[in-house]
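Residue numbers (this note's numbering): 1151 to 1271.
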């Protein structure tokens, strides 16, 4: 179940504060203010106002689609977590890695990041 109305505003506010409104609206192909094309995975800690997000970062016109992991740490800010690439090719959707495989791999990477980050909270 998606909780966009609760969590995506956190991402939008942080991104807009960091980049400005116009670049923020184009970032990740508009994910944080208009894009609802693909599944996303979200982890949210309301007590710390921190969150982790797995979402598509490429535009729909790109032949290679890519999921990324984004982190909103406690206290403010916004960053893309750089780890291995989780992508698939739209011209060969049945060939591995598929969209489902890329999404599952990105979720596994986000969960690994959470395990490490929990050691510091």
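Even for Gly, the Cβ is constructed at its ideal location relative to N, Cα and C.
Span separating the alpha-carbon of residue i from that of residue j
i            : j            : result
residue 1257 : residue 1204 : 7 Å
residue 1174 : residue 1201 : 18 Å
residue 1251 : residue 1191 : 14 Å
residue 1209 : residue 1253 : 16 Å
residue 1249 : residue 1240 : 9 Å
residue 1255 : residue 1238 : 11 Å
residue 1233 : residue 1259 : 8 Å
residue 1207 : residue 1266 : 23 Å
residue 1162 : residue 1243 : 30 Å
residue 1197 : residue 1223 : 12 Å
residue 1221 : residue 1227 : 8 Å
residue 1170 : residue 1181 : 15 Å
residue 1172 : residue 1212 : 21 Å
Proximity of residue i and residue j at Cβ, strictly below 9 Å
i            : j            : result
residue 1165 : residue 1194 : no
residue 1230 : residue 1214 : no
residue 1263 : residue 1236 : no
Quick check on the DSSP output: what are the complete beta strand (DSSP E) runs of length 3 or more inside the stretch 1180-1244, in order along the chain? With a minimum length of 3 residues, the continuous beta strand (DSSP E) runs that stay inside the stretch 1180-1244 are 1191-1195, 1200-1206, 1214-1222, 1229-1239.
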